[in-house]
Amino acid sequence: MKRDPRGGRVRRWPCLLRLAGCALLASVSCGGEAEQQGLCDLRARGCQQGIYRELVALRGGGAVPSLPRVRLITRAELEALARAAEGDGAGAGDEPRCVEQAFSRGLQQLGLLAPATPVGAAAAETFTEGVAAFYTSADDTVTIVDELSEDPAVDLGTLAHELTHALQQRERLSARLDGWQARGSDAELAQLALSEGEATFCGLAVALARSGRAVSELNWEAAFDLLDQLALEEVREAASALVAARFTLPYPLGGRYFSRRFLEQARPDLPAIYEAWPRSTIGLLAPDDAGAPVEPLPLACGPPAAPAGSLVADDDRMGAVGAYALGAKVLALSDPRTLARQWRDDRMLQYVGPGQVAAVSWRLRLALPADAQTLFEQATGQATARDWQVLRLSAEEVALLGAWPAPAPAAVCAPPDEGPLFGPTEYAAAEVACAALGPTAAAARNTSLHPLRLPLRAGRVEPPPLFRRWIGATLR
Numbered sequence: 023m024k025r026d027p028r029g030g031r032v033r034r035w036p037c038l039l040r041l042a043g044c045a046l047l048a049s050v051s052c053g054g055e056a057e058q059q060g061l062c063d064l065r066a067r068g069c070q071q072g073i074y075r076e077l078v079a080l081r082g083g084g085a086v087p088s089l090p091r092v093r094l095i096t097r098a099e100l101e102a103l104a105r106a107a108e109g110d111g112a113g114a115g116d117e118p119r120c121v122e123q124a125f126s127r128g129l130q131q132l133g134l135l136a137p138a139t140p141v142g143a144a145a146a147e148t149f150t151e152g153v154a155a156f157y158t159s160a161d162d163t164v165t166i167v168d169e170l171s172e173d174p175a176v177d178l179g180t181l182a183h184e185l186t187h188a189l190q191q192r193e194r195l196s197a198r199l200d201g202w203q204a205r206g207s208d209a210e211l212a213q214l215a216l217s218e219g220e221a222t223f224c225g226l227a228v229a230l231a232r233s234g235r236a237v238s239e240l241n242w243e244a245a246f247d248l249l250d251q252l253a254l255e256e257v258r259e260a261a262s263a264l265v266a267a268r269f270t271l272p273y274p275l276g277g278r279y280f281s282r283r284f285l286e287q288a289r290p291d292l293p294a295i296y297e298a299w300p301r302s303t304i305g306l307l308a309p310d311d312a313g314a315p316v317e318p319l320p321l322a323c324g325p326p327a328a329p330a331g332s333l334v335a336d337d338d339r340m341g342a343v344g345a346y347a348l349g350a351k352v353l354a355l356s357d358p359r360t361l362a363r364q365w366r367d368d369r370m371l372q373y374v375g376p377g378q379v380a381a382v383s384w385r386l387r388l389a390l391p392a393d394a395q396t397l398f399e400q401a402t403g404q405a406t407a408r409d410w411q412v413l414r415l416s417a418e419e420v421a422l423l424g425a426w427p428a429p430a431p432a433a434v435c436a437p438p439d440e441g442p443l444f445g446p447t448e449y450a451a452a453e454v455a456c457a458a459l460g461p462t463a464a465a466a467r468n469t470s471l472h473p474l475r476l477p478l479r480a481g482r483v484e485p486p487p488l489f490r491r492w493i494g495a496t497l498r
């Protein structure tokens, strides 16, 4: 969720996932209606209206709201909008710029971000190179980058995905999500997976129906298995693994979870799905023995003592998606979902010291002692090459320390004493930390189009070939 160059919230839909997935219940008539109407030109207003009506019927029926404006722009026009917004400071944050520097440096030390690349720049490059479409609430507009597919069903699915976001806006989904009072990347990503999961589900339903396929024929679990595999390939190949994981994973995570909940219902009941939605990404990944979402378990151990003279400039909970990125790119696990499903809590602290960005600590709590031991051994195997120190803080908790001064701190499980993530004193604490870098660093503000702490807010975008592979295989 982010402002576009003209202001307002924006939902961006990647080429990887232009289509989305929602199976139709027998009681919902829009599948038959779509089959009768068939394929159409999404540039035609009548085509747009037909897709919009089908979405309303699919999601439970009722009055059809006003149709948003739909526009097509070129890739060059998109890049120009991004440059203009960058120059105007649109989307600028309240954080001192040194917070972005600390956050970026910490991710680089952990192997999750490309060397010498600020996290905002990595997100910006991904957005301008690969975004396929987005919806902005400020002007109630769906914008599609005019690089249409050879398969019209793919393009109609793209349109349906963005129109789903328009319907969510009309139903004030964002207000429901704001009520969660989410703090940290993990909770923010769980919110994002809700809105994108529903749109993923519904977009693919329209594409299937419009291409003459009975939506009930689709093996949804197999479709999302394929999407999981394509997402893994993308994260492995990306120079900045965490950015790629945050851009990519909300769609398979949210889409699979939403489709299961939706298909369990006798009649569409979106509020019931929204209200029961997990507040953490682990709830989307791992069920307990009874099939209910797993809940996080708080860290039992506090961070090691900070390096001498350094202060915390940034503090975040990366969530199961952070563990996934670590497993996929850094540890090169065959299936990083295993580590992601073992995640129960984490806390990443970025430190700055006099005149420099100093160090990073990342504590992770896993489900079982055996899980923590495996992670400890895997991370220790890379410690020398990556300038890490690895601590076993407790039976279930491991700490990764990047660019930490020698000697290594003692592996002691001290009670955690941090306050809540992103609390009222966040910016004040960052100001104090940044002042250690000098008056220029303390005064400079982040003016990037793309925010620094949550690259996922900058948009979700993937290269078109990856998307075409997935949707082509799904429609075959």
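Following this note's numbering, the numbering of the sequence shown begins with 23 at its first residue and continues without gaps. Each residue gets a CB set at the ideal place from its N, CA and C atoms; glycine is no exception.
Can you check which of these residues, S126, E99 and D409, is closest to A428 by C-alpha distance? D409
Where does W299 sit, in a helix, a strand or coil, going by DSSP? coil
Inspect the beta-carbon positions of C456 and V121 and report whether they are closer than 8 Å. yes
Could you have a look at S217 and say whether DSSP puts it in helix, strand or coil? helix
In three-state terms, what does DSSP make of D368? strand
Quick check on E169: buried or exposed, where buried means 16 or more other Cβ atoms within 10 Å of its Cβ? exposed
Can you pull the DSSP bridge partners for I166? L94 and A155
Just verifying my parser: in three-state terms, what is the DSSP assignment at D177? helix
Cα-Cα separation between T406 and A244, rounded to whole angstroms: 40 Å
V420 versus A401 - alpha carbon distance: 9 Å
What's the gap between the Cα of G219 and the Cα of R278? 7 Å
Beta bridge counterpart(s) of Y373 as assigned by DSSP: V334 and A381
Does the Cβ-Cβ distance between S159 and Q191 come in under 8 Å? yes
Who are G424's beta bridge partners in DSSP? V382 and W410
Under a three-way DSSP split, which group does P293 fall into? helix
I'd like to check one pair, Y346 with L361: are the Cβ atoms closer than 8 Å? yes
Three or more C-beta pairs under 8 Å: does that hold for the region 172 to 184 against the region 224 to 231? yes
Where does R366 land, buried or exposed, given buried means 16+ other C-beta within 10 angstroms? buried
Range covered by the alpha helix (DSSP H) that runs through C9: The first residue shown for the chain is 23 and the last is 498, placing residue 9 beyond what the model contains.
Where R467 sits in the DSSP three-state scheme: Because the pLDDT at R467 is just 44, under 50, the model does not fix this residue reliably, and the value given afterwards should be weighed accordingly. In this structure, R467 counts as strand in the three-state DSSP scheme.
Quick one: any contact between the region 347 to 356 and the region 303 to 321, if contact means 3 or more CB pairs under 8 Å? no
Would V374 be called buried (16 or more neighbouring beta carbons within 10 Å of its own) or exposed? buried
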